[in-house]
Each structure stands twice: as C-alpha cells, then as structure tokens.
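See below for the structure under consideration.
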Amino acid sequence: MTITNGKYAGRTGTVDSNVHQRAVDFPGEWSNGYHVNLDSDETITVRWDQVEAAG
C-alpha cells in the first residue's frame, strides 16, 4: 500500500493491523486506522483515508 497524504506521503509498506488510536499526522484526535510497516523498517499509525492499495 501507499501513503497518500501527510508526513509519510508517497511511502510504501504493508498494513499490519486495524487500530483505533491517534495517528502520526493527527495526534490530537482518535480515529480508525492502520499500523503500517513501511518498507524502510519503520512502523507508523495512519488513518484509513491516508492509504491506497498498491496496484
């Protein structure tokens, strides 16, 4: 998958799990999202609307 916006826009990785917590680009709000293992070996949390399937 590819991150579509925010600090990590354009980066690719693999969704690890569904979560309900604060995301890296929206630290002041709780939202549904994903833990993503980036190809650079970082793990981040992003909202559902910040990713698109690789294709």
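All residue numbers for the sequence shown refer to my numbering, where the first residue is 6 and numbers rise by one. Beta carbons: idealized from backbone N, C-alpha and C, even for Gly.
With a threshold of 8 Å on Cβ separation, who are the neighbours of V51 within its own chain once the five nearest residues in sequence on each side are excluded? Here residue 51 is taken as the residue at index 46 of the sequence shown, counted from 1. The answer, listed in chain order, is I8, G11, Y13, A28, V29, D30, G38, Y39 and V41.
Can you tell me where the beta strand (DSSP E) with V29 in it begins and where it stops? Position 24 of the sequence shown, counted from the start, is the residue given in the question as residue 29. Element bounds for V29: n/a, residue is neither H nor E.
On the DSSP bridge list, what partners appear for Y39? If you number the sequence shown from 1, residue 39 lands on position 34. In DSSP, Y39 forms a bridge with N23 and V51.
To which residues of the same chain is L43 closer than 6 Å at the C-beta, ignoring the five residues directly before and after it? One-based indexing of the sequence shown puts residue 43 at position 38. So the qualifying residues of the chain are R16 and G18.
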